[in-house]
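Colleague: Next up is a structure, given as structure tokens.
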Amino acid sequence: MSVKERKVSESVSETIHVVRPNHLNASGRLFGGILMQWIDEVAMLVSKRHTHKNVTTASVDQLTFLKGAYQKDVIVLSGKMTYTGRTSMEVRVDSYVEALDGTRILINRAYFTMVALDENDRPAPVPRLILETAQEREEWELAKKRRENRMK
Ligand SMILES: CC(C)(COP(=O)(O)OP(=O)(O)OC[C@H]1O[C@@H](n2cnc3c(N)ncnc32)[C@H](O)[C@@H]1OP(=O)(O)O)[C@@H](O)C(=O)NCCC(=O)NCCS
Numbered sequence: 000m001s002v003k004e005r006k007v008s009e010s011v012s013e014t015i016h017v018v019r020p021n022h023l024n025a026s027g028r029l030f031g032g033i034l035m036q037w038i039d040e041v042a043m044l045v046s047k048r049h050t051h052k053n054v055t056t057a058s059v060d061q062l063t064f065l066k067g068a069y070q071k072d073v074i075v076l077s078g079k080m081t082y083t084g085r086t087s088m089e090v091r092v093d094s095y096v097e098a099l100d101g102t103r104i105l106i107n108r109a110y111f112t113m114v115a116l117d118e119n120d121r122p123a124p125v126p127r128l129i130l131e132t133a134q135e136r137e138e139w140e141l142a143k144k145r146r147e148n149r150m151k
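In numbering that gives the first Met the number 0, the protein residues as written are 0 to 151.
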């Protein structure tokens, strides 16, 4: 069923990974390429839930590695829709190390532009984003500025 608009909360997605030996780089930290794959998967999940369509990654605007992660760390990735255009969407993905007591430390923040695809693999219209909170409206304005900069 084709829906014209969806709330931010309807596509919020989380995935969890445990850092294993095969995820480490030569320095014994979580390899950035592995984290980028996990982030890309969350961005895909969020945008598929928003559009109910196939999607593809068009660009990565910002990918900030704030802290390292190590073997046995529990990594929580949390993604949400920040902006919708005609066929493209921006998704923010925050990655955390979660301690045994549940405390989360932010290790990465990324903004991905995803594009919805029709059955011919061409860009397809996406549902409008319903903004319900002041934070969602603020995210939208910042995403709009990022989009304008990208267009330049
Ligand atoms: C992304 C892709 C589908 C866009 O196709 P296109 O023919 O350029 O389509 P359009 O010009 O109609 O653009 C469609 C939308 O994508 C946006 N877009 C296109 N290229 C973009 C880019 N590099 N960064 C951000 N947004 C982009 C446009 O602004 C437009 O958004 P809007 O409809 O919300 O205004 C096409 O470039 C593609 O398939 N790229 C490869 C994607 C891929 O394989 N990703 C996986 C990497 S391994």
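The C-beta atom is built at its ideal place from N, Cα and C for all residues, glycine as well.
Fair warning: this is a prediction, and the values are worked out from it, not measured in the lab.
Go ahead and label residue 115 buried or exposed: buried means 16 or more other beta carbons lie within 10 angstroms of its beta carbon, across all protein chains shown.
Modeller: By the 10 Å Cβ count, residue 115 comes out buried.
Colleague: Could you tell me whether any non-hydrogen atom of ligand 1 is closer than 8 Å to the CB of residue 34?
Modeller: No, since every heavy atom of ligand 1 falls outside the 8 Å radius drawn around the Cβ of residue 34.
Colleague: Let me know the secondary structure DSSP gives residue 42 once reduced to three states.
Modeller: Reduced to three states, the DSSP call for residue 42 is helix.
Colleague: Since residue 125 contacts residue 97 with CB under 8 Å, what's their CB separation in whole angstroms?
Modeller: Contact flag wrong, Cβ pair sits at about 31 Å.
Colleague: Using beta-carbon positions only, say whether residue 67 and residue 29 come within less than 9 Å of one another.
Modeller: Yes, these two residues count as a Cβ contact at 9 Å.
Colleague: Kindly list the residues whose CB is nearer than 8 Å to the CB of residue 143, restricted to its own chain and excluding five residues on each side of it in sequence; keep chain order.
Modeller: Within the same chain, residue 143 has close Cβ partners 82.
Colleague: Looking at C-alpha atoms only, which residue of 112, 93 and 111 is the closest neighbour of residue 105?
Modeller: Considering only alpha carbons, the answer is 93.
Colleague: Once the 5 residues before and after residue 17 are set aside, which same chain residues still bring their CB inside 8 Å of it?
Modeller: Around residue 17: 71, 72, 73 and 74.
Colleague: Spell out the partners DSSP gives residue 89 in its beta bridges.
Modeller: Paired residues: 82 and 112.
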